Amino acid sequence: MNIQQLRTLSAFLEHGSFSETGNQIGLSHSAVSVQMQQLETELDVEIFDRHSRPPTITPVGAEVAKLALGILDEIEKIRMIAAGENLAGNITLGFVPKTLQTLLPRVLKELRQNYPQLKVNVKSAISDELATMIRHQELDFAVLTAPIVEFPDIEIATIVAEPLYVIAPKSQIGINNDANLARSMPFIFFEKKTWLGQQIVISLQARGIFVDELMELDSFDVIEDLVLEGFGVSIVPQRLLSNPLSPDLVKLPFSDPQEVRRLVLARHINNQKTELYNFIHAYLASLAVAIHES
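Position in the sequence shown (first residue = 1) + 22 = this note's numbering.
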């Protein structure tokens, strides 16, 4: 039994499939399967039910995975103590600008309450810039939009999937097709150099939806205000902890199934501050669930 096997097993408990586990920890589907078979052989226990497709974790396997999580946390504490940190060192967090007013204060408050000796530095940038800083290990963790391409040296954990909507002024009421609504007036793009902006452009092109571009902005709030004033239409997410999109807008889900902006917590695969990473992710994910259920 080795630490990598325990990490892989605990990742499966969170993500539920060999493929998604491999994507999250930077291994192939077959490599994950081999690691888990070796662990089953060593422990002489069936951790996965391979009669189902895809394989599912057995009750015994789930208990082993939970124990693995605890072991990994203890290992992380040992490493931090050995490094002289003892959870009283420094971490640097990155946030995309649209989360600074909503998520940042809550994360800082939780860290202050649970790790009072920890010093937190904060940087803000668009997602691709934050990802570059993660890859260069200039940041410990970052809250950003999920990458549109895979980075094998970055581990990500989903916080929330924010649904995307085509929005238009009330003058367009009666249009019940998202493609027609997007074409009905001049189109206001969210900043195209961002990953969300690129996602929207790619999706429109893939569906053959050709829009009349009016302008490109970096503020969802300004975009919504302009649409309300009748300047055009746009595609925006319903953001976590932000006010609901105005009831005075015509609003249709974008695509079927509805596309989302996936907000994630990212770190470099060599980052060893696992306890803090898991703590921040668990807090943000639980926050998203609580908001969804309220």
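All C-beta atoms in this analysis are idealised placements derived from N, C-alpha and C, irrespective of residue type, glycine included. Only a predicted model underlies this, so the values are computations on that prediction, with no experimental measurement involved.
Starting from residue i, trace the beta strand (DSSP E) both ways and give me its first and last residue.
i      : result
Asn112 : 112 to 117
Leu287 : 282 to 290
Leu218 : Unbroken run through Leu218 is the alpha helix (DSSP H), 217 to 228; no beta strand (DSSP E).
Ala164 : 163 to 167
Arg272 : Position check: residue 272 holds Val in this sequence, whereas Arg was assumed. Unbroken beta strand (DSSP E) run through Val272: 272 to 275.
Phe212 : 209 to 212
Is residue i helix, strand or coil by DSSP?
i      : result
Pro259 : strand
Ser316 : Any reading at Ser316 must be qualified, since the residue scores a pLDDT of 47, below 50, and its modelled position is unreliable; the value itself is stated next. Ser316 falls in the coil class under three-state DSSP.
Lys131 : helix
Glu184 : strand
Leu239 : strand
Phe253 : coil
Ile170 : coil
Val86  : helix
Asp95  : helix
Gly106 : Unreliable placement is indicated for Gly106, whose pLDDT of 47 sits below 50; no coordinate value is reported for it.
Ser146 : strand
Phe70  : strand
Can you list, in chain order, the residues of its chain whose CB lies under 6 Å from that of residue i, leaving out five sequence neighbours each side?
i      : result
Ala323 : Because the chain spans 23 through 316 in this model, residue 323 falls outside it and cannot be assessed.
Ala87  : Leu31, Ser32, Leu35
Just to confirm the assignment, what range does the alpha helix (DSSP H) spanning residue i have?
i      : result
Ala53  : 51 to 65
Val249 : 242 to 250
Ile156 : 149 to 157
Ser41  : 40 to 47
Val36  : Sequence check: residue 36 is Glu here, not Val. That run of the alpha helix (DSSP H) goes 25 to 37.
What residues in its chain sit with their C-beta under 7 Å from that of residue i, if we drop five residues either side in the sequence?
i      : result
Arg80  : Here the sequence assigns Thr to residue 80, which means Arg is not the residue at that position. So the qualifying residues of the chain are Glu68, Ile69, Phe70, Asp71.
Gly106 : With a pLDDT of 47 at Gly106, under the threshold of 50, the modelled position of this residue cannot be trusted; read the value that follows with caution. The answer is none, since no qualifying residue turns up.
Please identify the residue among the options whose C-alpha is closest to the C-alpha of residue i.
i      : options                        : result
Arg29  : Ser74, Ile97, Val142           : Ile97
Val118 : Lys131, Pro169, Leu91          : Pro169
Ala190 : Tyr305, Thr180, Arg205         : Arg205
Asn293 : Leu31, Gly38, Ile47            : Ile47
Val188 : Pro259, Glu235, Asp240         : Pro259
Met355 : Leu31, Arg75, Ser39            : Since the first residue shown for the chain is 23 and the last is 316, residue 355 is missing from the structure and cannot be characterised.
Val165 : Glu177, Lys215, Leu236         : Glu177
Lys141 : Ala201, Ile113, Gln280         : Ile113
Ala179 : Ala307, Val54, Val86, Phe253   : Ala307
Glu172 : Gln159, Lys215, Ala153, His158 : Ala153
Using 9 Å as the threshold, is the C-beta distance between residue i and residue j below it?
i      : j      : result
Ser256 : Phe209 : yes
Phe211 : Tyr299 : no
Gly219 : Glu238 : yes
His303 : Ile181 : yes
Ile156 : Arg289 : yes
Leu250 : Leu271 : yes
Ignore the nearest five residues each way along the sequence and tell me which others in residue i's own chain have a CB closer than 8 Å to its CB.
i      : result
Leu267 : Tyr187, Ile189, Glu246, Val258, Gln260, Lys273
Leu49  : Thr30, Thr43, Gln57
Thr124 : Arg261, Leu262, Leu263, Ser264
Ile224 : Ile170
Relative to the ligand GTP, is the shortest distance from any of its heavy atoms to the C-beta of residue i smaller than 8 Å?
i      : result
Ser256 : This structure lacks the ligand GTP, and indeed carries no ligand of any kind.
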